[in-house]
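To keep things clear, I will list the structure first and then write my remarks on it.
In the numbering used here, the protein residues as written are 133 to 400.
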């Protein structure tokens, strides 16, 4: 027997145990399950999906066989463990800059400033992702793939604070070559940098107070996208100081952490 609810969205019927079932209907049921983390009954599913109860039940049976749906002790249906395993495995395997994109976009919209994700590469940082503020606003000249000195940037100092945990480590790093003084505020001696990195570790975020470019300041936070305990990179909100003073970013650090969420937690 065949009915309209059991025909796939592309017009090609699928088969389930000798019966025709629509892949579009199965997907509709799957999406509805995702909206009910506490589980949902068959009657409610039938009402929301808008299909006959036997059709919804067949879709659920297909999903349960694949491990994508389950049923609790009350008889309610919910997403299955296999679905969650696949989702989390996929999420963890995605490049970290892709996973951070929604965070960067949200922060750029919130502050009307540029957001970056960068990683440490020797004595420099490399920008893996950048989101500009909404159209019409003045923008920074940084580019994805571009580099800046680690010692003069917020993201760089954040990452150096983790990789150079002692004054002697800082002294050895500085001793490998002179540090460029990008502005009058750039810290270029081992003592200055060691003091700054200790402050970064103490407060949990780094600041660039016009040290890399006059008129530009930023606040940077660690990102733990690959493993707990060691930052995979750093996120920054980089602002034109005439528009967003550094103090405004510091006052909003807890809000920025909240947007970053679990990606900013070292014990994930």
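Cβ coordinates follow ideal geometry from the N, Cα and C atoms, glycine included.
Residue i, buried or exposed, once every other Cβ within 10 Å from all chains shown has been counted against 16
{"i": "residue 220", "result": "exposed"}
{"i": "residue 249", "result": "buried"}
{"i": "residue 398", "result": "exposed"}
{"i": "residue 191", "result": "buried"}
{"i": "residue 285", "result": "buried"}
{"i": "residue 187", "result": "buried"}
{"i": "residue 237", "result": "exposed"}
{"i": "residue 265", "result": "buried"}
Straight-line gap, residue i to residue j (C-alpha atoms, nearest Å)
{"i": "residue 140", "j": "residue 179", "result": "Residue placement at residue 140 is poorly supported in this model, since its pLDDT is 36, which falls under 50; the coordinates still yield a value, given next. Near 20 Å, if we compare the C-alpha coordinates of residue 179 and residue 140."}
{"i": "residue 153", "j": "residue 376", "result": "Note that residue 153 scores a pLDDT of 47, beneath 50, so its modelled location is shaky; the value from the coordinates is reported in the next line. Computed Cα separation, rounded: 56 Å."}
{"i": "residue 367", "j": "residue 334", "result": "18 Å"}
{"i": "residue 275", "j": "residue 304", "result": "30 Å"}
{"i": "residue 201", "j": "residue 210", "result": "6 Å"}
{"i": "residue 300", "j": "residue 362", "result": "20 Å"}
{"i": "residue 261", "j": "residue 194", "result": "40 Å"}
{"i": "residue 258", "j": "residue 277", "result": "6 Å"}
{"i": "residue 172", "j": "residue 157", "result": "17 Å"}
{"i": "residue 292", "j": "residue 239", "result": "24 Å"}
{"i": "residue 320", "j": "residue 168", "result": "55 Å"}
{"i": "residue 197", "j": "residue 182", "result": "23 Å"}
{"i": "residue 387", "j": "residue 357", "result": "19 Å"}
{"i": "residue 232", "j": "residue 184", "result": "41 Å"}
{"i": "residue 162", "j": "residue 307", "result": "59 Å"}
Residue i: first and last residue of the uninterrupted alpha helix (DSSP H) it sits in
{"i": "residue 417", "result": "The structure shown has nothing for residue 417, since the chain only spans 133 to 400."}
{"i": "residue 179", "result": "174-181"}
{"i": "residue 239", "result": "228-243"}
Beta-carbon spacing of residue i, residue j below 8 Å
{"i": "residue 247", "j": "residue 263", "result": "yes"}
{"i": "residue 332", "j": "residue 290", "result": "yes"}
{"i": "residue 215", "j": "residue 369", "result": "no"}
{"i": "residue 348", "j": "residue 396", "result": "no"}
{"i": "residue 337", "j": "residue 353", "result": "yes"}
{"i": "residue 371", "j": "residue 350", "result": "yes"}
{"i": "residue 314", "j": "residue 345", "result": "yes"}
{"i": "residue 311", "j": "residue 283", "result": "yes"}
{"i": "residue 296", "j": "residue 329", "result": "yes"}
{"i": "residue 281", "j": "residue 256", "result": "yes"}
Boundaries of the beta strand (DSSP E) in which residue i is found, first to last residue
{"i": "residue 351", "result": "348-355"}
{"i": "residue 256", "result": "256-263"}
{"i": "residue 341", "result": "338-341"}
{"i": "residue 383", "result": "Taken as a continuous stretch (DSSP letters only), residue 383 belongs to no beta strand (DSSP E), being part of the alpha helix (DSSP H) at 378-383."}
For residue j and residue i, believed in contact at Cβ under 8 Å, the rounded distance
{"i": "residue 343", "j": "residue 373", "result": "Going by Cβ atoms, the distance from residue 343 to residue 373 rounds to 12 Å, so no, they are not a contact pair."}
{"i": "residue 235", "j": "residue 392", "result": "6 Å"}
{"i": "residue 174", "j": "residue 189", "result": "6 Å"}
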